[in-house]
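See structure below.
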Amino acid sequence: SQQGEEDPQALSIQEGENATMNCSYKTSINNLQWYRQNSGRGLVHLILIRSNEREKHSGRLRVTLDTSKKSSSLLITASRAADTASYFCATDGSGNTGKLIFGQGTTLQVKP
Amino acid sequence: GAVVSQHPSRVICKSGTSVKIECRSLDFQATTMFWYRQFPKKSLMLMATSNEGSKATYEQGVEKDKFLINHASLTLSTLTVTSAHPEDSSFYICSARGQGSEKLFFGSGTQLSVL
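As structure tokens, this is what we get:
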């Protein structure tokens, strides 16, 4: 079952602006990951944040995690047209099954 | 990063035929592989988890006789859609995880169209 809910479902911004996507989940987790998918392609891992971390950075990406609210956000700063893609959060659940359950995704369009 | 190769990228077949999709980890040993299905503009739905040398574990609602998964080696898993029907048309994506890794590496997906 899909436990992640993301909002917004779609986001359209101008190049240079920041894009923020949110993800909520229902069960306890060991970690939360963000992935990117270009249309008709597989997913690419962006960043992983552990349940005992609150914030993590990687280049123009900033991820926050609030386990009390069971939510995470992905911020892309100074967006580029090449950032246009769908972004998914994924949670592993605390049962250490190794399975990742993906959210519904946010489709980001960055206009040049 | 690690590379996962998935073939074919696109297949069109007649109703009633079987289709095999291959997923290979090219530069690492994939102890676990996952098969997902994705409908247009939707999220990924986990179909099954396969561990090398053992039977796949299917998610609730996924017919194991319909979607045959074989993980015969540490670098290869296959998904066979048996007696495909138009409702099986979808985008199928495999992913692989190495031992001790928390990240998944994805294949580029297979678009299956059943006529």
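If you're matching them up, the sequences are chains A and B in order. Residues 149 to 260 in this note's numbering are what the first sequence spells out, letter by letter. Residues 160 to 274 in this note's numbering are what the second sequence spells out, letter by letter. The beta carbon of each residue, even a glycine, is placed where N, CA and C say it ideally should be.
- With respect to residue 206 (chain B), residue 238 (chain B) sits close: the two C-beta atoms are nearer than 9 Å.
- For the set B:175, B:188, B:178, the Cα lying nearest the Cα of residue 230 (chain B) is the one of B:188.
- Rounded to whole angstroms, residue 255 (chain B) and residue 260 (chain A) show a C-alpha spacing of 35 Å.
- The residue from A:164, A:172, A:163, A:249 with its alpha-carbon nearest to that of residue 222 (chain A) is A:172.
- Closest in alpha carbon position to residue 179 (chain B), among B:194, B:259, B:202, is B:194.
- In this structure, the straight-line span from the alpha carbon of residue 163 (chain A) to that of residue 214 (chain B) is close to 48 Å.
- Between residue 251 (chain A) and residue 165 (chain A), the C-beta spacing is not below 9 Å.
- Residue pairing for residue 221 (chain B): DSSP places it in no beta bridge.
- In the DSSP assignment, residue 177 (chain A) falls outside any beta strand (DSSP E) and carries neither an H nor an E.
- Close partners of residue 189 (chain A) in chain B (Cβ separation under 7 Å): 267, 268.
- The beta-bridge partner set that DSSP reports for residue 257 (chain B) consists of B:189.
- With distances taken between CA atoms, residue 192 (chain A) lies nearest to B:266 out of B:266, B:272, B:274.
- When C-alpha distances from residue 200 (chain B) are compared across A:238, A:248, A:249, A:157, the shortest belongs to A:157.
- Closer than 9 Å to the CB of residue 252 (chain B) there is at least one CB belonging to chain A.
- For the stretch 211-222 of chain B, there are no residues whose beta carbon sits under 7 Å from a beta carbon of chain A.
- Counting C-beta pairs closer than 8 Å gives fewer than three between the stretch 162-173 of chain B and the stretch 197-207 of chain A, which falls short of the contact rule.
- The C-beta of residue 169 (chain B) has fewer than 16 other C-beta atoms within 10 Å across all chains shown, which makes the residue exposed.
- The C-alpha of residue 210 (chain A) lies about 7 Å from the C-alpha of residue 203 (chain A).
- Residues of chain B whose Cβ lies closer than 8 Å to the Cβ of residue 249 (chain A) are, in chain order, 205.
- With a cutoff of 9 Å on beta-carbon distance, residue 274 (chain B) and residue 174 (chain B) are scored as near each other.
- Residue 179 (chain B) has a beta carbon lying at 9 Å or more from every beta carbon in chain A.
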